[in-house]
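Okay, so here's the structure we're looking at.
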Amino acid sequence: MLTTLATVLAGLLGASLIAMGAMVFAKPQNAAGFGIPDTPVDDPAFRHWLHVKGAREIVCGVFMFVLMLVAPVSVLGWYVLTFAAMPLADMLIVLRSGGPKATAFGVHAATAAVMVATAIGLLL
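If you want it as structure tokens, here you go:
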């Protein structure tokens, strides 16, 4: 039961990554909500950097589904656990850039916590 719930959560995380990556291409102005103040989302050069971030998010989400299809549950668990470092890094970047603590903790740290809980459920 726990493994099934954790696998569903992993699927939701993968779908969320794909959706967030796609939104960078569809509506780059939404990247301002990432938490870094004065993000120049209207700057065409900066948008190219956003596209790099968006493409990476999409690939990470797709890889989660690939693991769900072809790998043992423990491999997916280790991937999710390792990948939880990314939102933690995002949290630190937002805090160091003077961004809102609510975004740093409420979005990025909360995402990392969900990922760690999901990974634990997959690894047990």
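Under the working numbering, the residue at position 102 of the sequence shown is numbered 102, and the numbers go up by one with no gaps.
Even for Gly, the Cβ is constructed at its ideal location relative to N, Cα and C.
This structure is a prediction, so every number in the text was calculated from the model and none was measured.
Query: Nearest to Gly11 (by Cα), restricted to the options Cys60, Lys53, Gln29; Result: Cys60
Query: Short Cβ contact (8 Å threshold) for Ser97 with Pro37; Result: yes
Query: Residues near Leu5 by beta carbon distance below 7 Å, same chain, minus five either side; Result: Gly121
Query: CB-CB length for Ala84 against Val116, believed under 8 Å; Result: 5 Å
Query: DSSP three-state assignment for Ala110, whether helix, strand or coil; Result: helix
Query: Status (buried if at least 16 other CB within 10 Å, exposed otherwise) for Pro72; Result: exposed
Query: Sequence-distant residues of the same chain with beta carbon closer than 8 Å to Ala109, five excluded per side; Result: Pro87, Leu88, Met91
Query: Inter-stretch contact (C-beta, 8 Å, three-pair minimum) for the stretch 74 to 83 and the stretch 48 to 56; Result: no
Query: Residues of its chain near Ala112, where Cβ-Cβ distance is below 6 Å and the 5 sequence neighbours each way are ignored; Result: Ala84, Pro87, Leu88
Query: Counted within 10 angstroms of its Cβ, other Cβ atoms place Val80 as buried (16 or more) or exposed; Result: buried
Query: Backbone secondary structure at Thr118 - three-state DSSP; Result: helix
Query: Buried versus exposed, by CB contacts within 10 Å (16 or more), Thr82; Result: exposed
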